[in-house]
Amino acid sequence: MLGRVVYIGYAKELIEYETRLFVQKELDILGSRNALPEDFREVIRMLDEHRFPVEDAVSSIVSIDEVPRAQADWSANPACFSKIMVRVA
Numbered sequence: 205m206l207g208r209v210v211y212i213g214y215a216k217e218l219i220e221y222e223t224r225l226f227v228q229k230e231l232d233i234l235g236s237r238n239a240l241p242e243d244f245r246e247v248i249r250m251l252d253e254h255r256f257p258v259e260d261a262v263s264s265i266v267s268i269d270e271v272p273r274a275q276a277d278w279s280a281n282p283a284c285f286s287k288i289m290v291r292v293a
């Protein structure tokens with residue numbers, strides 16, 4: 205049996221599964237962020253118009269100078285973060 209498994213987005217925590225099933229069924233495993241350039245433009249437009257509840261989706265807002273620390277925090281505790289917004293202006 206051939207098939208395909210597509211993971212969309214990032215998991216907050218480690219996901220483990222029995223690899224034997226993927227081999228036996230000869231499955232292809234793909235990853236996708238599920239976003240196109242026009243999707244990003246629409247999100248920016250929604251943010252500009254305050255039509256999106258940023259506080260519900262963004263775990264942290266940092267300056268460009270704080271990015272290395274934010275990345276280290278995210279790497280050490282991925283389950284604690286969904287999005288990190290970087291203030292560039």
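Quick note: the sequence shown uses the numbering used here, first residue 205, plus one each step.
Each residue gets a CB set at the ideal place from its N, CA and C atoms; glycine is no exception.
In this text, all values refer to a predicted model and were calculated from it rather than measured experimentally.
Open item on the list: Comparing C-alpha positions only, which one of Val290, Val210 and Ser236 sits nearest to Phe226?
Closed with: For Phe226, the closest C-alpha among the options Val290, Val210 and Ser236 is that of Val210.
Open item on the list: For a minimum of 3 consecutive residues, which ranges assigned as the beta strand (DSSP E) are wholly contained in the segment 207-268?
Closed with: If we require 3 residues or more, the beta strand (DSSP E) runs fully inside the segment 207-268 come out as 207-212, 231-236 and 264-267.
- [ ] Locate the alpha helix (DSSP H) running through Val292, then write down its first and last residues.
- [x] In the DSSP assignment, Val292 falls outside any alpha helix (DSSP H), carrying neither H nor E.
Task: Integer-rounded CB distance, given that Phe244 should sit under 8 Å from Met250 - done: Not a contact, Cβ separation roughly 11 Å.
Open item on the list: Quick check: the segment 207-221 against the segment 276-288, are at least 3 beta-carbon pairs closer than 8 Å?
Closed with: Taking a contact to require three or more Cβ pairs closer than 8 Å, the segment 276-288 and the segment 207-221 qualify as touching.
Open item on the list: Could you tell me the alpha carbon to alpha carbon distance between Asp260 and Val271, rounded to whole angstroms?
Closed with: Each residue's alpha carbon lies about 20 Å from the other.
- [ ] Could you tell me the distance, in whole angstroms, from the CA atom of Arg273 to the CA atom of Ala293?
- [x] In this structure, the straight-line span from the alpha carbon of Arg273 to that of Ala293 is close to 19 Å.
TODO: Please look up how many angstroms separate the CB atoms of Ser267 and Arg291, rounded, as I've assumed it's under 8 Å.
DONE: That belief holds up - the Cβ atoms of Ser267 and Arg291 are roughly 5 Å apart, short of 8 Å.
Task: Short Cβ contact (8 Å threshold) for Met289 with Val247 - done: Going by C-beta atoms, Met289 is not nearer than 8 Å to Val247.
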